[in-house]
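For what it's worth, my numbering labels the leading residue of the sequence shown as 23, then goes sequentially. Here is the structure we will look at.
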Amino acid sequence: MTEVEDLREADRRKDEFLAILAHELRNPLAPLQTGLEIIRQVATASPTLTQTMNMMERQMRQLVRLVDDLRDGSGIARGKLQLQRRPVVLMKAVEQALEASRPILEAHGHDPIVHYRDDRLVVDGDPARLAQILTNLLSNCAKYTEPGGTITLTVERDGDDAVISVSDTGIGIPPDYLEDVFEMFSQVRVHQARSRGGLGIGLALVRRLVQMHGGSVTAHSLGIGTGSTFTVRLPSIADPVPKDNACSSAKPAAVIEGIKARRFLVVDDNDDAAALLAVLLELEGHEVQTAANGGDAVQRAEVFRPEVVLMDLDMPGIDGFEASRRIRARPWGSTILIAALTGWGQDVDRRRAQEAGVDFHFVKPVDTTALLGVVARSLNDGRHIDLP
Ligand code: ADP
């Protein structure tokens, strides 16, 4: 091998290693996060406990974000990012991003102002990835703006483009860095005096995903202390949304409350993960059974007739893909809601799961509030909603 080939091979192995690392770090996070939610539900009120729980949940979210960034960063390097595009009402993606960013925004004392100057804009995009782009930008605004500052998100039309700008009144970016911040692992040197928890991957991912959508992203700032604005421009397509859906300014959709009791089958070869999730669902008033592998899942489903199956995909023997296919093939199986709960969030896994009959794909550790919201909406509406 030549020296260049050696270097390429070493680089490829490093990217492979980062992908495996991100995956392996995710698995233990899932039961830890569920465990925290359970303690919160059953523990008696005590200020010390509440404070400790809040701290642990904040740290956990931070850890999950870092692992997500690591996974996506290695995805960019290995050319593994893919989009599943379809017409998406941009306002919906924005609302998902606001919902997903709520914890970090709240942790930093922010409540963004949102302007939909055009709420009928539709883009040909991947809803999950569009939400991810905006979540990254909003999280940065939260991180780099002191409490009391203002974060503003505006959606508007400019000719045939949809333009989303996310601004803050935070620490700003020196002019020399406005282009560099989009490079992988880049962080503004003057900001590093105080770490704000990041790997320097978020904006590289934003730029890559925006480009894959045929758009562009730019950063503006007049320098340190003057705030920053990130502008995403995407080609829009003709809008199919009826006019009476219009509204000029909105807050993120509230998380669905008052969930009706349902029959859940939780399938996971990790006993701890399955048992913890079952306890959590029971605490919410649902009826729950668990299965430790795909074969067991199909048998149990035959008798228990769950309304919702939460399916781990990667299991020895009959895996979650095959179990989903078998459940779907049964006469009673076509109307069941199947949600994959998996460590693997690559596009190829999502597609395979979809082909096997899975309705929703959640990457562990799962935000159970979001999961139950999706379940409630799907079952109550009788239709499935596109969420990441
Ligand atoms: P990180 O994980 O460090 O936040 P990003 O790729 O998201 O990585 O951002 C790269 C760098 O750009 C950050 O380290 C920070 O210095 C700067 N940056 C990003 N967003 C903002 C913002 N809203 N205000 C000020 N600086 C920002």
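The beta-carbon is built from N, C-alpha and C at its ideal position, and this holds for glycine as well.
Taking the beta strand (DSSP E) that residue i falls in, what are its first and last residues?
i: residue 326; result: Taken as a continuous stretch (DSSP letters only), residue 326 belongs to no beta strand (DSSP E), being part of the alpha helix (DSSP H) at 316 to 326.
i: residue 184; result: 183 to 190
i: residue 285; result: 285 to 289
i: residue 108; result: 108 to 111
i: residue 177; result: 173 to 180
i: residue 17; result: This structure cannot speak to residue 17, because the chain is shown only from 23 to 410.
i: residue 147; result: 144 to 147
i: residue 331; result: 330 to 333
i: residue 228; result: From DSSP, residue 228 is part of no beta strand (DSSP E) but of the alpha helix (DSSP H) over 224 to 234.
i: residue 137; result: 135 to 138
How would you write the range of the alpha helix (DSSP H) that residue i sits in, first residue to last?
i: residue 206; result: Element bounds for residue 206: n/a, residue is neither H nor E.
i: residue 45; result: 25 to 64
i: residue 376; result: 369 to 377
i: residue 69; result: 69 to 99
i: residue 259; result: Per DSSP, residue 259 belongs to no alpha helix (DSSP H); it is in the beta strand (DSSP E), 250 to 259.
i: residue 349; result: 342 to 351
Using the Cα positions of residue i and residue j, report the straight-line distance between them to the nearest angstrom.
i: residue 36; j: residue 309; result: 45 Å
i: residue 290; j: residue 45; result: 16 Å
i: residue 307; j: residue 253; result: 44 Å
i: residue 394; j: residue 303; result: 9 Å
i: residue 61; j: residue 83; result: 16 Å
i: residue 204; j: residue 133; result: 25 Å
i: residue 78; j: residue 311; result: 29 Å
i: residue 246; j: residue 174; result: 19 Å
i: residue 69; j: residue 76; result: 10 Å
i: residue 322; j: residue 154; result: 36 Å
i: residue 377; j: residue 299; result: 25 Å
i: residue 373; j: residue 67; result: 44 Å
i: residue 270; j: residue 209; result: No answer about residue 270 holds up, because its pLDDT of 31 lies below 50 and its placement is not dependable.
i: residue 160; j: residue 117; result: 12 Å
i: residue 355; j: residue 371; result: 22 Å
i: residue 73; j: residue 136; result: 31 Å
i: residue 38; j: residue 325; result: 42 Å
i: residue 202; j: residue 375; result: 37 Å
i: residue 112; j: residue 119; result: 11 Å
i: residue 286; j: residue 157; result: 30 Å
i: residue 340; j: residue 351; result: 15 Å
i: residue 200; j: residue 211; result: 12 Å
i: residue 213; j: residue 65; result: 39 Å
i: residue 87; j: residue 189; result: 21 Å
i: residue 228; j: residue 327; result: 42 Å
i: residue 71; j: residue 59; result: 13 Å
i: residue 162; j: residue 197; result: 18 Å
Who are the Cβ neighbours of residue i in its own chain at under 8 Å, not counting the five residues just before and after it?
i: residue 206; result: 95, 98, 99, 222, 223, 226
i: residue 63; result: 302, 305
i: residue 361; result: 330, 331, 332, 333, 380, 381, 382, 383, 384, 393, 396, 397
i: residue 92; result: 40, 43, 44, 47, 221, 223
i: residue 31; result: 23
Kindly list the residues whose CB is nearer than 6 Å to the CB of residue i, restricted to its own chain and excluding five residues on each side of it in sequence; keep chain order.
i: residue 178; result: 139, 140, 185
i: residue 49; result: 365
i: residue 172; result: 191
i: residue 295; result: 52, 53
i: residue 194; result: 243, 245, 246, 247, 248, 249, 250
i: residue 234; result: 105
i: residue 284; result: 308, 329, 330
i: residue 114; result: none
i: residue 164; result: 126, 127, 130, 132
i: residue 28; result: none
i: residue 166; result: 192, 193
Identify, in the order they occur along the chain, each residue of the same chain with its Cβ nearer than 7 Å to the Cβ of residue i, setting aside the five sequence neighbours on each side.
i: residue 102; result: 368
i: residue 237; result: 254, 255, 256, 257
i: residue 110; result: 144, 145, 147, 149, 152
i: residue 80; result: 129
i: residue 24; result: none
i: residue 320; result: 345, 348, 349
i: residue 337; result: 291, 315, 316
i: residue 182; result: 257, 258
i: residue 107; result: 146, 147, 148
i: residue 57; result: 298
Tell me, which residues are paired with residue i by DSSP?
i: residue 199; result: Its beta-bridge partners do not exist; DSSP assigns none.
i: residue 313; result: 289
i: residue 382; result: 361
Subject >> Stretch-stretch touch, CB-based, cutoff 8 Å, three pairs: the segment 350 to 370 with the segment 380 to 396 >> reply: yes
Original post:
Three or more C-beta pairs closer than 8 Å, one from the segment 309 to 322 and one from the segment 339 to 347: is that the case here?
Top reply: yes
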